[in-house]
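Residue numbers (my numbering): 7 to 132.
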């Protein structure tokens, strides 16, 4: 992981937090959220920390963010949900965590259910 950026640049700090989500540093990211970083921090493309963690198959980060109140159905600017991203990436542990947290398999475009059908995994939402 990279070092913590200078706190005087909020854009650098946000970019660093997004990297923590992608790279799977659940403990560090959770500490920043606990200290006041927005759990639903969103990048320029509308991706939340949860979306990035889900897409990069980081189940520990996904669970940590869910425990802190992350919106499991937040759609990015392309209308994609974290659950659909996890299905697309075949991140089964992330899919399970999101479903357990109540993520809607019919949210977004394409939906997670449609994505599962496309990849021959209708069992995910039976």
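Glycine is no exception: its CB is placed at the ideal position from the N, C-alpha and C atoms.
Take residue i as the anchor and find which of the options has the nearest alpha-carbon.
i	options	result
residue 76	53, 94, 97	53
residue 104	130, 82, 125, 115	130
residue 94	128, 33, 71	128
residue 137	111, 43, 17	The first residue shown for the chain is 7 and the last is 132, placing residue 137 beyond what the model contains.
residue 27	15, 44, 14	44
Tell me the DSSP secondary structure of residue i in three-state form.
i	result
residue 4	This structure cannot speak to residue 4, because the chain is shown only from 7 to 132.
residue 97	coil
Looking at residue j and residue i, is the spacing between their C-beta atoms short of 7 Å?
i	j	result
residue 90	residue 50	no
residue 68	residue 59	yes
residue 66	residue 32	yes
residue 109	residue 63	no
residue 71	residue 47	no
residue 92	residue 101	yes
Can you give me the start and stop residues for the alpha helix (DSSP H) that residue i sits inside?
i	result
residue 29	16-29
residue 33	32-40
residue 67	65-73
residue 88	88-94
residue 60	55-61
Give the list of continuous alpha helix (DSSP H) stretches no shorter than 4 residues that lie fully inside the segment 101-131. 118-124
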